[in-house]
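Everything in the sequence shown is counted per this note's numbering, starting at 1 for the first residue and increasing by one. C-beta atoms are modelled at their ideal positions from N, C-alpha and C, and glycine is treated no differently. Note that the structure is a prediction, hence the values are computed from the model and not measured. The structure under discussion appears below in the form of structure tokens.
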Amino acid sequence: MARSTLYQLVASDLRRTIYSGALGPGDQLPTEAELMLVHQVSRNTVRLALGELVNEGLVTRTPRRGTVVRERRPLLMHPQRELQPRGEETLEAFAWAVSQEGRAPSQEIEVSIVQPAEEIASRLELSDDELAVVRRRLRFVDGQPYNTNDSYFPLALVADSEITRPGDIRRGANKVLEELGHRQVRMVDDIWARMPNSAETERLQLQLGTPVVVYVRVGYDAEDVPVRVAVSVLPADKHLIRYELESR
1 MARSTLYQLV ASDLRRTIYS GALGPGDQLP TEAELMLVHQ VSRNTVRLAL GELVNEGLVT
61 RTPRRGTVVR ERRPLLMHPQ RELQPRGEET LEAFAWAVSQ EGRAPSQEIE VSIVQPAEEI
121 ASRLELSDDE LAVVRRRLRF VDGQPYNTND SYFPLALVAD SEITRPGDIR RGANKVLEEL
181 GHRQVRMVDD IWARMPNSAE TERLQLQLGT PVVVYVRVGY DAEDVPVRVA VSVLPADKHL
241 IRYELESR
């Protein structure tokens, strides 16, 4: 049997063991020697199989423990709920969603005034000389980096508001926009997948081979004026995006 087929069979067997729950997060896989014996294959074949699982983000290799199953607890996201009222809840959308799962949200925030890239400017319908405020956030769940979110706002719209100031806005920038008379009533999402660049890999502490989902949301007010562009980079192994559609 071809070596390529052999390592794929070994990888498939290990993959089934992980997905079935027989091996859970943090559990150690059999050693290379044990896998060689069980599958009657060479060490190189075993290493190719383990390398495939590493590239898929299923396992990670550690110097002392060998190969272990990665923690895979994705954050469940419901994008359509961002516009829904949450009663007396005062947390911004991300913190609220994480808290609903019994997990701890936190974030690092940088705020600056920029000449936005063409992709952002066109979505905000800004002219060439108009500036935007961007709030760049690295978001954490239970102390681990989970995603980045860069939210852009027309400077002319938010110049004298909290949105231009550094620091967290506990109730969220969406609420500030509403207070300024620009409540978002419509949103348009674009979503695609790609491999991360080096800066994203370092910032999000991504394992080798982990793809990311780029999620761009444009929010419009009642006059159908774009008031916010949010660009999120979501590691694919840490997020599950769920849309619910109803026919009325």
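- Burial is judged here by how many other beta carbons sit within 10 angstroms of a residue's own beta carbon; residue 21 has fewer than 16 and is exposed.
- Scanning 24, 223, 92 for the CA closest to the CA of residue 60 turns up 24.
- When the beta-carbon positions are compared, residue 19 and residue 49 stay at least 8 Å from each other.
- In this model, residue 34 and residue 40 are separated by some 10 Å (Cα to Cα).
- Boundaries of the beta strand (DSSP E) around residue 77: 75-77.
- Where residue 132 is concerned, the enclosing beta strand (DSSP E) starts and stops at 132-141.
- Considering only 227, 212, 218, the residue with the shortest C-alpha distance to residue 236 is 212.
- Taking 4 residues as the shortest admissible run, the stretch 125-210 contains the following complete alpha helix (DSSP H) segments, listed from N- to C-terminal end: 155-158, 173-179, 198-203.
- In terms of CA proximity to residue 169, 108 leads the group 108, 198, 199, 131.
- The beta carbons of residue 104 and residue 142 sit closer together than 8 Å.
- DSSP, read as helix, strand or coil, puts residue 107 in strand.
- Residue 230: member of the beta strand (DSSP E) spanning 226-235, first to last residue.
- Burial check for residue 247: the Cβ neighbour count within 10 Å stays below 16, so the residue is exposed.
- A straight line joining the alpha-carbon of residue 98 with that of residue 144 spans about 13 Å.
- Taking 8 Å as the cut-off, the beta carbon of residue 151 is found no closer than this to the beta carbon of residue 176.
- At a Cβ-Cβ threshold of 8 Å, residue 173 and residue 163 count as neighbours.
- Close CB contacts of residue 115 within its chain, under the 7 Å cut and outside five residues either way in sequence, are with 131 (chain order).
- The DSSP-derived three-state label of residue 217 is strand.
- Taking every protein chain shown into account, the CB of residue 146 has 16 or more other CB atoms within 10 angstroms, so this residue is buried.
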